[in-house]
Amino acid sequence: MQVLRVARYSASRVGQLSTTAPAWNRLTPRCVPRQFSTRSALLNNKNMFNTNSEEPKQQKKQSGANELESDEAEPQSQKKNRKRFVFLGLCALMPIISGYLGTWQVQRLQWKVDKIADCENRLLQDPLPLPGHITEDQDVLEKEFEYRKVVVTGTLCHDEEFLVGPRMKDSVEGYFLVTPLDRSKTGGSKLLIKRGWISKEMADQKKRDPLALPKGEVSLVCLLRPVPLKNTFTPDSPTSPSVRIYNFMDIPTMAKFTGAQNVYLEEEINMNIGGHEWVTESHMMNHGVPIGKLPKVDLRNTHLQYIATWYGVCVFTTVMLVIMWRKGRMSTLDKKVAYSRKYVT
């Protein structure tokens with residue numbers, strides 16, 4: 181009996197479940213996982229179709245971008261190589277130019293050595309009486325008579341003297357004294373004589389010793405020199421004859437105002453002026469006596485330094501050019517190997 185009751189209860193329970201279940205559950209077997217798997221499969225298939233259709237487009241876009249990049253990279257590389265060759269070409273001019281200038285300075289050095297030797301030989305010769313009129317061609321005077329001792333005779337025109345400066349001598353400020361020499365009594369021309377240096381305190385003639393202003397006819401031993409040239413930074417000379425202080429040894433302007441020849445002479449130092457024997461330069465300075473030039477050649481010779489400079493620049497730029505050329509020709513693999521050798525232990 182109990183068995184029958186259990187069987188009936190189970191049968192009735194199954195019937196209730198079947199009647200209360202939804203229609204779609206009763207009509208179809210319970211395969212919910214299969215239903216969801218079908219939807220996911222459809223979605224996967226759709227995605228698969230979509231990806232398959234978009235893949236060629238992406239590949240085309242990528243290939244097009246690569247082509248554009250390659251087209252852009254090629255002109256950029258060409259521009260880079262062109263700039264590099266232009267830069268190397270300009271750098272290659274430096275060794276050529278500096279080497280040429282160094283060779284030119286070698287020639288100038290030989291020319292300057294020969295010129296100094298000629299001037300020293302002229303200093304050893306006896307003073308030459310200067311004729312009444314001499315050429316004003318500075319090239320001829322420089323080539324044939326520079327540092328040649330000459331004797332000039334005439335009267336010093338102290339009222340027409342010029343002061344050039346200021347100039348320093350032994351830490352004392354002063355001026356170069358330029359005085360015209362009148363040679364009209366002997367039929368000669370007027371000349372400008374650079375008598376020497378005087379201190380600033382003695383610029384006024386009233387403060388000088390009377391022996392510093394010799395009267396009458398005098399004979400002076402001078403050195404013929406080319407007229408100094410004015411550079412760009414030199415101030416302009418006075419335009420009025422009444423101004424007697426100059427910043428530069430402007431012989432042409434002085435000659436124009438005094439009627440003298442455009443010739444430049446430097447008086448040799450004379451310790452016997454006005455019949456008095458001057459012992460020291462300080463003695464002459466204190467009495468306003470011009471301190472003349474020592475008979476020596478003072479031409480500057482700096483060509484050897486220029487030779488070393490230009491040839492040094494030539495060697496340095498040549499080495500740098502070779503290094504830059506080798507670095508430019510080095511491949512990427514060589515650069516990596518060089519870097520690893522240098523920095524990787």
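To convert a position in the sequence shown, counted from 1, into my numbering, add 180. Every residue gets a Cβ at the ideal spot worked out from N, C-alpha and C, and that includes glycine.
Tell me the rounded alpha-carbon separation between Ala440 and Leu501. Counted from its first residue, the sequence shown places residue 440 at position 260. Counted from its first residue, the sequence shown places residue 501 at position 321. Going by the C-alpha atoms only, they are around 58 Å apart.
Going along the chain, which unbroken runs of the beta strand (DSSP E) with 3 or more residues stay wholly within the region 408-444? none
Please list the segments of the alpha helix (DSSP H) lying wholly inside the region 299-345, counting only runs of 4 or more residues, in order along the chain. Counting only unbroken stretches of 4 or more residues, the alpha helix (DSSP H) elements lying wholly within the region 299-345 are 318-324, in sequence order.
Roughly how many angstroms separate the alpha carbons of Lys476 and Gly269, rounded to a whole number? For this step, residue 476 is matched to residue 296 along the sequence shown. For this step, residue 269 is matched to residue 89 along the sequence shown. Each residue's Cα considered, the two are about 49 Å apart.
Pop quiz: Pro360 and Leu372 are said to be a contact at Cβ under 8 Å. What is the actual Cβ separation, rounded to whole angstroms? Start at 1 with the first residue of the sequence shown, and residue 360 comes out as number 180. Start at 1 with the first residue of the sequence shown, and residue 372 comes out as number 192. Confirmed, about 6 Å.
By DSSP, does Gly279 sit in helix, in strand, or in coil? Counted from its first residue, the sequence shown places residue 279 at position 99. It is helical.
Starting from Glu448 and walking both ways along the beta strand (DSSP E), at which residues does that stretch end? Counting from 1 along the sequence shown, the entry for residue 448 is found at position 268. Careful: Glu448 lies outside any beta strand (DSSP E) and carries neither H nor E.
Using only the alpha-carbon positions, how far apart do Pro311 and Gly367 sit? For the purposes of this step, residue 311 is identified with residue 131 of the sequence shown, where counting begins at 1. For the purposes of this step, residue 367 is identified with residue 187 of the sequence shown, where counting begins at 1. Between Pro311 and Gly367, the C-alpha separation is close to 10 Å.
Taking the alpha-carbon positions, what's the Tyr491 to Lys292 distance? Along the sequence shown, read from residue 1 onward, the residue named residue 491 stands at position 311. Along the sequence shown, read from residue 1 onward, the residue named residue 292 stands at position 112. So the alpha carbons of these two residues sit roughly 19 Å apart.
Let me make sure I understand the geometry here. Which of Val398, Glu324, Ile296 has the alpha-carbon closest to that of Lys365? Counted from its first residue, the sequence shown places residue 365 at position 185. It is Val398.
Give the C-beta separation of Leu400 and Glu326 to the nearest angstrom, bearing in mind that I take them to be a contact with Cβ-Cβ under 8 Å. The residue labelled residue 400 in the question sits at position 220 within the sequence shown. The residue labelled residue 326 in the question sits at position 146 within the sequence shown. Rounded, the Cβ-Cβ distance is 18 Å, inconsistent with contact.
Can you tell me which residues form a DSSP beta bridge with Arg521? For the purposes of this step, residue 521 is taken as the residue at position 341 of the sequence shown. Under DSSP, Arg521 forms no beta bridge with any residue.
Hey, how far is the Cα of Lys329 from the Cα of Asp389? Translated into the one-based positions of the sequence shown, residue 329 becomes position 149. Translated into the one-based positions of the sequence shown, residue 389 becomes position 209. Using only the alpha carbons, I get a separation of about 28 Å.
Presumed contact (8 Å Cβ cut-off) between Cys271 and Val332, rounded CB distance: Working through the sequence shown from its first residue, we reach residue 271 at position 91. Working through the sequence shown from its first residue, we reach residue 332 at position 152. Contact flag wrong, Cβ pair sits at about 58 Å.
Would you please verify whether the beta carbon of Met451 is less than 7 Å from any beta carbon of chain C? Here there is only one protein chain, and chain C is not present.
Please state whether the Cβ-Cβ distance between Leu474 and Ile449 is less than 7 Å. Here residue 474 is taken as the residue at index 294 of the sequence shown, counted from 1. Here residue 449 is taken as the residue at index 269 of the sequence shown, counted from 1. Against a cut-off of 7 Å, the Cβ pair of Ile449 and Leu474 comes out as a contact.
Output the boundary residues of the alpha helix (DSSP H) element that contains Glu461. Working through the sequence shown from its first residue, we reach residue 461 at position 281. It spans 461-466 - the alpha helix (DSSP H) in which Glu461 sits, taken as one unbroken run.
Whole angstroms are fine: how far does the CA of Ala392 sit from the CA of His467? Start at 1 with the first residue of the sequence shown, and residue 467 comes out as number 287. Start at 1 with the first residue of the sequence shown, and residue 392 comes out as number 212. One C-alpha to the other measures close to 7 Å.
Touch test, the region 484-498 against the region 275-286, Cβ-Cβ under 8 Å, three pairs minimum: yes
Apart from the five residues just before and just after Gln318, which ones in its own chain have a Cβ nearer than 6 Å to its Cβ? Residue mapping note: residue 318 aligns to position 138 of the sequence shown, counting from 1. Excluding positions up to five away in sequence, the list reads Pro406, Val407.
Simplified DSSP assignment, three categories, for Val495: Within the sequence shown, the letter at position 315 stands for residue 495. Val495 falls in the helix class under three-state DSSP.
DSSP three-state label for Pro360, please. Locating residue 360 in the sequence shown gives position 180, counting from the first residue. The three-state secondary structure of Pro360, taken from DSSP, is strand.
Check each candidate in Cys337, Pro432, Ser422 and name the one with the smallest Cα separation from Lys395. In the sequence shown, counting from the first residue as 1, residue 395 sits at position 215. The option with the nearest alpha carbon to Lys395 is Cys337.
Give the DSSP bridge partners of Ser399, in chain order. Residue mapping note: residue 399 aligns to position 219 of the sequence shown, counting from 1. Ser399 is bridged to Thr333.
Tell me where the beta strand (DSSP E) around Lys374 begins and ends. As a first step, residue 374 is located in the sequence shown; it is residue number 194 there, counting from the start. Per DSSP, Lys374 belongs to the beta strand (DSSP E) from 371-379.
Thinking C-alpha only, which one of Asn427, Thr419, Glu446, Met451 is nearest Lys436? What you label residue 436 is simply residue 256 of the sequence shown in a count that begins at 1. Scanning Asn427, Thr419, Glu446, Met451 for the CA closest to the CA of Lys436 turns up Thr419.
How should Asp362 be labelled, buried or exposed, when 16 other C-beta atoms within 10 angstroms of its C-beta is the threshold for buried? Within the sequence shown, residue 362 is the residue found at index 182, counting from 1. By the 10 Å Cβ count, Asp362 comes out buried.
Would you call Met382 buried or exposed, if buried means 16 or more other Cβ atoms sit within 10 Å of its Cβ? Translated into the one-based positions of the sequence shown, residue 382 becomes position 202. Buried.
For Tyr523, does the count of other Cβ atoms within 10 angstroms reach 16, so buried, or fall short, so exposed? Locating residue 523 in the sequence shown gives position 343, where the first residue counts as 1. Tyr523 is exposed by the Cβ-count criterion.
Going along the chain, which residues of its own chain have a beta-carbon closer than 6 Å to the beta-carbon of His313, five neighbours each way excluded? Here residue 313 refers to the residue found at position 133 of the sequence shown. For His313, where only same-chain residues beyond five positions count, the Cβ hits under 6 Å are Ser369.
With distance defined between alpha-carbon atoms, name the residue in Thr498, Glu457, His483 nearest to Trp284. On the sequence shown, residue 284 is found 104 positions in, with the first residue counted as 1. Selected option, being the one with the closest Cα: His483.
Take Ser520 and list the residues in its own chain whose beta-carbon comes closer than 7 Å to its own, dropping the five residues that flank it on each side. Here residue 520 corresponds to residue number 340 of the sequence shown, with the count starting at 1. For Ser520, where only same-chain residues beyond five positions count, there are no Cβ hits under 7 Å.
By Cβ distance below 6 Å, which residues in the same chain neighbour Val352 in space, the five residues on each side in sequence not counted? Counting from 1 along the sequence shown, the entry for residue 352 is found at position 172. Excluding positions up to five away in sequence, the list reads Ser379.
Taking the alpha carbon of Phe496 as the reference point, which residue from Tyr486, Pro275, Glu446 has its own alpha carbon closest? Within the sequence shown, residue 496 is the residue found at index 316, counting from 1. Here the closest residue by C-alpha is Pro275.
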